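Heads up, the final residue of the sequence shown is numbered 204 in numbering that gives the first Met the number 0, and it's a clean run with no missing numbers.
Quick reminder that beta carbons are idealized off the backbone N, C-alpha and C, glycines included.
Since the structure is predicted, the reported quantities are computational estimates derived from the model, not experimental observations.
Report on the structure given below.
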Amino acid sequence: MATQVATNWKLKGMVLIACNCDYGCPCNFNALPTHGHCEGGWAWHVQEGRYGDIDVSGLSFAVAADWPQAIHQGNGEAAVLIDEKANEAQRGAVRTLVSGAAGGPWGILKNTWTKVHEPQYVPFQVELADQRSRAKAGNAFELEMQPIKNPVTGVEATPSAVLPQGFVSKNIQLAASKLFRVQDGVRYDHSGQYAAVGPFEYSGP
């Protein structure tokens with residue numbers, strides 16, 4: 000009986016993050032979400048990446064989800080959005096990655112979802128500009144960041160967080176969401192709340 004060999008893969012790029020928590024997001028520090036439940040998502044832009052012999056460089060994809068409690072308590076529902084410019088092989092590679100079957104952060108997150116909607120293929124626009132980064136995936140996912148402002152002076156703050164055990168990003172720039180709206184599979188608008196951007200580098204198996 001032949002033994003199935005796991006596919007080697009590696010991705011490197013930037014991830015944009017937003018949710019319904021207050022600035023900083025206590026979940027980054029193993030605390031419970033600000034409002035007791037989590038509604039948030041990630042948009043990944045792959046600058047360099049391969050899944051086996053499939054090159055996925057230049058592609059973007061996003062996951063938006065909601066959980067009735069903290070993420071680790073499960074029962075979440077997730078929507079998956081994939082760059083429509085991906086060819087069939089690339090789409091298959093991204094679907095496998097996001098499913099968690101190949102490991103990476105999605106291998107952890109998949110255990111928190113009880114419902115995952117079928118992937119949608121939509122045009123992506125990603126602009127990387129530190130705390131003013133933005134991502135748009137069709138009409139389903141839109142995130143526009145802005146620096147956090149001091150509530151007294153109005154001066155812009157540029158905090159960051161180093162997360163050595165972070166499984167999505169280990170070094171993030173903290174921001175506010177000027178706009179964060181999701182309306183496909185899961186639906187919410189959490190503009191004015193937590194946002195962040197940071198580099199990622201994942202590999203497997």
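A distance of 7 Å or more separates the beta carbons of residue 40 and residue 55. The criterion of a C-beta distance shorter than 7 Å is satisfied by residue 136 and residue 80. If you check the CB distance, residue 17 and residue 194 come in under 7 Å.
Secondary structure at residue 87: helix, using DSSP grouped into helix, strand and coil. Across the structure, residue 15 and residue 102 are spaced so that their CA atoms are roughly 20 Å apart.
Taking a C-beta distance under 7 Å as the contact criterion, residue 78 and residue 112 do not qualify as a contact pair.
Spatial neighbours of residue 67 in its own chain (CB-CB distance under 7 Å, excluding positions within 5 residues in sequence) are listed in chain order as 36, 74. Burial of residue 32 is indicated by the presence of at least 16 other C-beta atoms within 10 angstroms of its C-beta. Looking at the DSSP output, residue 61 sits in a beta bridge with 42, 80.
Under the rule that a run must span 3 or more residues, the beta strand (DSSP E) segments found entirely inside the segment 164-192 read 170-183, 185-188. With fewer than 16 other Cβ atoms inside 10 Å of its own Cβ, residue 28 counts as exposed. With a 10 Å radius around the Cβ and a threshold of 16 neighbouring Cβ atoms, residue 189 comes out buried.
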